[in-house]
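Numbering (the numbering used here), first residue to last: 1279 to 1557.
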């Protein structure tokens, strides 16, 4: 399950590369999340999945979704659209496992061992090696870096909140609520800051369907299942594997350069994640 999650999650940057040239980031996300919410709601109804009844429970489920799907995805998409390089974005978001480990103690009562801290730091160092050649900061991209930081905070607090409050939700109905709540917020915000224009090219449709099915359903379901089963710091450590796998996929699909330093970084990341998850 962790290996499949990492592989699916890593394709998100590839899907964004296909789709963002044809739609503004929030518009793209609005269409994507509306589609996913409709599909999951229909699936939950057909399967007669249980739905939360108490308003407080619905609110907690929706808040976790707004953090994971709304703040994180919007932050990454806007950062990239504003010129922040994929390497810088990956490195900022790569701080998530360390931030999660720092907060999992006071918020969840989980203990992170010295070996796990060393593994998390080693993983971050490996990520830096993988993306080193793509680390570029320009004056134009400085403003977009704030959105990458927002994405980091969204995925960190979203996974911690999901671990604490969303463990018992049905993945079908609960995810439908999360995506619908996020889509409602985007439906209000997107028209205020974007033109809402979409060019319905083949590449855009492919990216939309891929990100909707593979990422928003497949990868997210696996993430929430992993959160239920494991400690937050261990699950978060898997995000360190995303940049290396993304680099391999980009090399295979787009013939992007994969140098010796990146290969060394991949080995370092793997060693760090293994240290975190070793029993």
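The beta-carbon is built from N, C-alpha and C at its ideal position, and this holds for glycine as well.
Local conformation of residue i per DSSP, three classes
{"i": "residue 1301", "result": "strand"}
{"i": "residue 1529", "result": "helix"}
{"i": "residue 1373", "result": "coil"}
{"i": "residue 1359", "result": "helix"}
{"i": "residue 1290", "result": "helix"}
{"i": "residue 1507", "result": "helix"}
{"i": "residue 1353", "result": "helix"}
{"i": "residue 1535", "result": "coil"}
{"i": "residue 1279", "result": "coil"}
Which residues DSSP lists as bridging residue i, in chain order
{"i": "residue 1476", "result": "1301"}
Residue i, enclosing alpha helix (DSSP H) - first and last residue
{"i": "residue 1494", "result": "First-last for residue 1494: undefined, no H or E at that position."}
{"i": "residue 1328", "result": "Counting along the chain, residue 1328 falls outside any alpha helix (DSSP H), and DSSP gives it neither H nor E."}
{"i": "residue 1446", "result": "Residue 1446 -> no alpha helix (DSSP H), and no H or E assigned at all."}
{"i": "residue 1391", "result": "Neither: residue 1391 is in no alpha helix (DSSP H) and is coded neither H nor E."}
{"i": "residue 1541", "result": "1538 to 1555"}
Spatially closest choice to residue i from the options, by CA coordinates
{"i": "residue 1487", "options": "1352, 1323 and 1293", "result": "1293"}
{"i": "residue 1439", "options": "1459, 1323, 1305 and 1378", "result": "1378"}
{"i": "residue 1452", "options": "1314, 1481, 1538 and 1491", "result": "1314"}
{"i": "residue 1338", "options": "1383, 1446, 1322 and 1353", "result": "1446"}
{"i": "residue 1544", "options": "1481, 1483, 1410 and 1514", "result": "1410"}
{"i": "residue 1540", "options": "1520, 1480 and 1482", "result": "1520"}
{"i": "residue 1309", "options": "1403, 1507, 1469 and 1552", "result": "1469"}
{"i": "residue 1291", "options": "1349, 1367, 1330 and 1318", "result": "1367"}
{"i": "residue 1385", "options": "1436, 1481 and 1407", "result": "1436"}
{"i": "residue 1347", "options": "1479, 1502 and 1547", "result": "1502"}
{"i": "residue 1341", "options": "1463, 1490, 1489 and 1547", "result": "1463"}
{"i": "residue 1380", "options": "1528, 1318, 1529 and 1514", "result": "1514"}
{"i": "residue 1547", "options": "1325, 1516 and 1306", "result": "1516"}
{"i": "residue 1552", "options": "1394, 1491 and 1449", "result": "1394"}
{"i": "residue 1560", "options": "1450, 1306 and 1324", "result": "Here the chain comprises residues numbered 1279 to 1557, so residue 1560 is not present and cannot be evaluated."}
{"i": "residue 1472", "options": "1326, 1288, 1512 and 1300", "result": "1300"}
{"i": "residue 1507", "options": "1478, 1354 and 1442", "result": "1442"}
{"i": "residue 1354", "options": "1433, 1283 and 1479", "result": "1433"}
{"i": "residue 1478", "options": "1289, 1302, 1360 and 1465", "result": "1302"}
Whole-Å CB distance - residue i paired with residue j, under 8 angstroms assumed
{"i": "residue 1549", "j": "residue 1431", "result": "At roughly 27 angstroms, the Cβ-Cβ gap does not stay under 8 angstroms, so residue 1549 and residue 1431 are not in contact."}
{"i": "residue 1457", "j": "residue 1311", "result": "5 angstroms"}
{"i": "residue 1356", "j": "residue 1298", "result": "Wrong, their Cβ atoms sit about 10 angstroms apart, outside the cutoff."}
{"i": "residue 1460", "j": "residue 1304", "result": "That pair is no contact at about 11 angstroms."}
{"i": "residue 1397", "j": "residue 1554", "result": "4 angstroms"}
{"i": "residue 1369", "j": "residue 1406", "result": "6 angstroms"}
{"i": "residue 1522", "j": "residue 1408", "result": "5 angstroms"}
{"i": "residue 1580", "j": "residue 1376", "result": "In the structure as shown, the chain begins at 1279 and stops at 1557. Residue 1580 is therefore absent and cannot be evaluated."}
{"i": "residue 1349", "j": "residue 1429", "result": "7 angstroms"}
{"i": "residue 1454", "j": "residue 1318", "result": "4 angstroms"}
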